[in-house]
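Chains A and B, in that order, give the protein sequences. Just so we're aligned, residue 1 is where the first sequence starts under UniProt numbering, counting upward by one. Just so we're aligned, residue 1 is where the second sequence starts under UniProt numbering, counting upward by one.
2 protein chains.
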Amino acid sequence: MKKMNKANNTLKEIAEILVASKSVLLFPHTHMDGDALGSSAALCAALRKLGKQAYILIEDEIAAFLKFLDKDFCTSDLEIISQPDVCLCMDCGDVSRFQKREEKFLSGKQKGCLDHHTTTVPFADFNYIDSTAAATGEIVYDLLQELPVELDKEIGSALFAAITTDTGNFQYSNTTGKTHQIAADLWDRGVDYNEVSVELYQNNRLEKLLLQTRILQGLHVFAGGQAAICGFTEEMLRETGGLRDEAEGVVEIMRNIAGVELAIFVKEVSSQECKVSMRSKKYVDVAAIGQKLGGGGHVRAAGCTVKEGYEKTIQVMMGLAEEQLKGQI
Amino acid sequence: MKKMNKANNTLKEIAEILVASKSVLLFPHTHMDGDALGSSAALCAALRKLGKQAYILIEDEIAAFLKFLDKDFCTSDLEIISQPDVCLCMDCGDVSRFQKREEKFLSGKQKGCLDHHTTTVPFADFNYIDSTAAATGEIVYDLLQELPVELDKEIGSALFAAITTDTGNFQYSNTTGKTHQIAADLWDRGVDYNEVSVELYQNNRLEKLLLQTRILQGLHVFAGGQAAICGFTEEMLRETGGLRDEAEGVVEIMRNIAGVELAIFVKEVSSQECKVSMRSKKYVDVAAIGQKLGGGGHVRAAGCTVKEGYEKTIQVMMGLAEEQLKGQI
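Structural data, given as structure tokens:
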């Protein structure tokens, strides 16, 4: 059932390269999610247990809910290892996803890539790209079976974080029986699911909840119940103390309303500019709407920038939504 | 590691009783959650495949997000089976949790109980109470191993719904390695996790979102940020069109606030009665608070009834919360 790319190396070959190395730098993509950082943290811990000099090289902030994963693994010091034996691209398949670190990545004596994204094609000296893996964490789990290191609670907890976040807690369509088999094995290795989950999901800032509640007070359902729109103004951010990133998830909440096909989320940037995120449930091509305004994205998740104030942007987007739902674009 | 109650029967014994029976009535608790209905639906489907006359006898409405589980299993007709061979108490351990059906339950030639709640003590003719099980769905899964019936996609999907809802999608502390082993096995039996998940979580009524937003506008954080409380009045239900069951999840949203250890949710039943749900994050024993008021449940999830109006109940619970947090109960 595995859709392996022909140019993939085996995990055994990759394990041998890592065992033979002295220093390894790991490169997760920018805007690290749980899988990018969790899979990197697990592998970094394992490599250190093997006596390697290993770091996760990053270029942006670690999101608050993921900070527990960084046990002195992460650094933004490009010279932490001057001439790394191995540079590994983690959970992404393109150096454009870490532009500030691209040169450093290319300086590795050997460059590798571990990823599960469907769009990734092998580009490094060695690669393991498996789009049937629910998370890069699953690939690291398999790789660890080939390494002479014990998969202990610390490593396992990072893998659980990677897997549970990237599968929407075992609910997304990428989740398979293997995902659960790995989770069961991690339990036997001492992982406390709830302990990881509390770190990931139970440390939401109160201000985030206040912001999301304030945003949803402005929810507007239109087009006969097929579309929903809401957003935040800068005033709402001030009023609630919430941060811009803390509105994440609201667009999915709208999409999850029964009957809603198209969800539109508007973020005021200034009195003359708003950013817009869109999601669709089954059939509307939101990338087409985004392209109308110079944006883009995927068929079910896209965005654009509107050079208007908040209220006007709401009107513009409602108009475009009505048009799209009528099949007029 | 299993904390079996001494008076438990074996699942083999229970399977033999069911195989020897001709008719079985299942009694989930009122205000059915995913586990009560999911575990009952799975067992009902299995019993019918064994040629039994089997129904789930209910006395209240099925929540919208759970309706897909009822494949003509549920009835509120007390005379659907006039003299049932077996009556089974599902996911609860006390006939007081189905008062309108108590007499019918007691009319069963043999009465049994399958439950995983810590406060349940064996009271029926035969019992299987395992507080280490994450869900009654896990117990039904084990019971099915003893029954001469194939655990197919239909049965497995109901079990997945039971397990995923009762474990907060595999995040609560009741989740164990076994929970994931079961989920992995259900995959092999054809269960599509995402299909079940879309039914459970992506068909939310708009009125539910309006109700939850209205409820969260009344959020109150107290005890130095360690506790949070909110709830709904009957007026909020009328105003938003939301149903009582659609407030589910708000107590977890409160618990997930950073620093909040104890979350309390108050549901107005009448001007003289409220139902209260509680969740704790790490150390507060909410069952102990519940028991103070004649309720009960688990250490991290419990409930009780307060014979007061909404505002007074909020006050009572805030007082108990402050006491418990000071270690005074």
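Beta carbons are placed, not taken as given, at the ideal position from N, Cα and C, and that holds for glycine. Computed from a prediction, not measured in an experiment: that's the story for all the values here.
When you compare the CB of residue i with every CB in chain B, is at least one pair closer than 8 Å?
i	result
A/V286	no
A/Q217	yes
A/M1	Confidence in A/M1 is poor, its pLDDT being 32 and thus under 50, which makes the residue's placement unreliable; the coordinate value appears in the next sentence. Output row for A/M1: interface = no.
A/Y283	no
A/G177	yes
A/Q83	no
A/H220	no
A/F68	no
A/Q202	yes
A/L262	no
A/A183	yes
A/L206	yes
A/L88	no
A/L209	yes
A/Y55	no
Would you verify that the beta carbon of residue i is, or is not, closer than 8 Å to some beta carbon of chain A?
i	result
B/V251	no
B/D188	yes
B/G327	no
B/I257	yes
B/T213	yes
B/H180	yes
B/V140	no
B/S197	yes
B/Q171	yes
B/K6	Reliability fails at B/K6, whose pLDDT of 49 lies under 50, so the model's placement of it is uncertain and the value that follows must be treated cautiously. Not an interface residue.
B/A162	no
B/E239	no
B/L144	no
B/L151	no
B/N9	no
B/N127	no
B/Y193	yes
Taking 8 Å as the cut-off, decide whether the C-beta atoms of residue i and residue j are in contact.
i	j	result
B/D115	B/D77	no
A/A124	A/C74	no
A/G205	B/A223	Gly is not the amino acid found at residue 205 of chain A; the sequence shown has Arg there. Result no, Cβ atoms of A/R205 and B/A223 do not sit closer than 8 Å.
B/A247	B/Q212	yes
A/Y193	B/Q171	yes
B/A45	B/I155	yes
A/I14	B/L209	no
A/L200	A/T175	no
B/V250	B/F265	yes
A/V196	A/K153	no
B/I129	B/N8	yes
A/A184	B/G51	no
A/L143	A/L186	no
A/Q324	A/A287	no
A/D35	A/T132	no
A/V24	A/L57	no
If you follow the beta strand (DSSP E) that residue i is in, where does it begin and where does it stop?
i	result
B/Q53	Q53 to L57
B/E111	Looking at the sequence provided, one finds Lys at residue 111 of chain B rather than Glu. Unbroken beta strand (DSSP E) run through B/K111: Q110 to D115.
A/F105	Element bounds for A/F105: not the beta strand (DSSP E) but the alpha helix (DSSP H), E102 to L106.
B/H220	H220 to F222
Measure how close the beta-carbons of residue i and residue j come, nearest whole angstrom, since I'm counting them as under 8 Å.
i	j	result
A/K275	A/T305	6 Å
B/S271	B/G309	5 Å
A/S21	A/D70	Actually they do not touch by this definition, with Cβ atoms about 22 Å apart.
A/A227	A/E261	7 Å
B/E59	B/R101	6 Å
B/L66	B/L37	5 Å
A/Q53	A/I81	6 Å
A/G242	A/I314	Contact flag wrong, Cβ pair sits at about 19 Å.
For residue i, write down the residues that DSSP places opposite it in a beta bridge.
i	result
A/I155	A/I155 is not bridged to any residue.
B/R279	B/A263 and B/A301
B/G296	B/G303
B/Y128	B/L114
B/E273	B/S270
A/G231	A/V266
A/C87	A/L25 and A/K111
The alpha helix (DSSP H) that contains residue i, what's its start and end?
i	result
B/M254	V250 to R255
A/S76	Premise fails: A/S76 is in no alpha helix (DSSP H) and is neither H nor E.
B/V149	Where B/V149 is concerned, there is no enclosing alpha helix (DSSP H), given that its DSSP letter is neither H nor E.
B/N203	It is not in any alpha helix (DSSP H) - B/N203 carries neither H nor E in the DSSP assignment.
B/G319	Y310 to L325
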